[in-house]
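Each remark here refers to the structure printed beneath this line.
In the working numbering, the protein residues as written are 14 to 219.
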């Protein structure tokens, strides 16, 4: 089991004004475009933070719990203790398609850049059942999917989708450098089934 906590790591590139991934020309399908929610926060007129969120059902969206400062308090619905997830109320009414992640699957992660532009990072799923240390001493062990891609700051809370269909397979929450293919970056995401199960556990959503 890996003994690290990934949530905060993902923010550092954004704090120093860098953009990860590449400029995106747009989403694979209209449903994904309608469900995606960009997040941004200005700091000292120079530095900023960027992240992303995703509508799961009409009016309920998810992002990482470490993106709490992006979310107005009156929109917050629930925060997970065991996972780096929070759920909030949104005006978005479009939900994307969902699918189970598969080892070796080609995926695209979406996030925000330092110019508030849509970014994407293409990669391949390496593992579908990676164990990550609990967030607290009595929290559950986290389970993640991992994929090799040059994503990073601004992708936190954003969707990971099947590169062919655009179906959402996960939600990004962190990364480790030097652990991916050829010593590159390895991204960590929660399986979308875990995300939806946590939403149902915390909220009375049908």
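We treat Cβ as the ideally placed atom computed from N, Cα and C, and that holds for glycine.
With respect to the beta strand (DSSP E) encompassing residue i, which residues constitute its N-terminal and C-terminal limits?
i           : result
residue 131 : 131 to 145
residue 102 : 99 to 102
residue 89  : 89 to 92
residue 175 : 172 to 175
Could you check what DSSP says for residue i in three-state terms: helix, strand or coil?
i           : result
residue 118 : coil
residue 74  : strand
residue 124 : strand
residue 161 : strand
residue 83  : helix
Do you know whose CA, among the options, lies nearest residue i's CA?
i           : options         : result
residue 215 : 48, 49, 126, 99 : 99
residue 44  : 203, 211, 179   : 179
residue 40  : 130, 150, 145   : 130
residue 207 : 188, 164, 153   : 153
If you drop the 5 nearest sequence neighbours on each side, which residues of the same chain put their C-beta closer than 7 Å to that of residue i?
i           : result
residue 108 : 48, 68, 69, 70, 71
residue 142 : 156
residue 10  : The chain is shown from 14 up to 219; residue 10 falls before or after that span and cannot be answered.
residue 29  : Confidence in residue 29 is poor, its pLDDT being 34 and thus under 50, which makes the residue's placement too unreliable to answer from.
residue 114 : 138, 141, 158, 182, 183, 204
At what residues does the alpha helix (DSSP H) containing residue i begin and finish?
i           : result
residue 43  : 43 to 48
residue 215 : 205 to 215
Looking only at its own chain, which residues have a Cβ that is under 6 Å from the Cβ of residue i, when we skip the five neighbours before and after it?
i           : result
residue 159 : 139, 140, 143, 199, 201
residue 101 : 74, 84, 88, 89, 90
residue 181 : 109, 111, 172, 174, 205
residue 170 : 64, 65, 66, 76, 77, 80
For chain C, is any of its Cβ atoms less than 9 Å away from the one on residue i?
i           : result
residue 205 : No chain C is present in this structure, which holds just one protein chain.
By Cβ distance, which residues of its chain are closer than 8 Å to residue i, with the 5 residues on each side in sequence left out?
i          : result
residue 78 : 20, 92, 93, 96, 97, 98, 99
- Between the stretch 70 to 84 and the stretch 127 to 139, do at least 3 Cβ pairs fall closer than 8 Å? no
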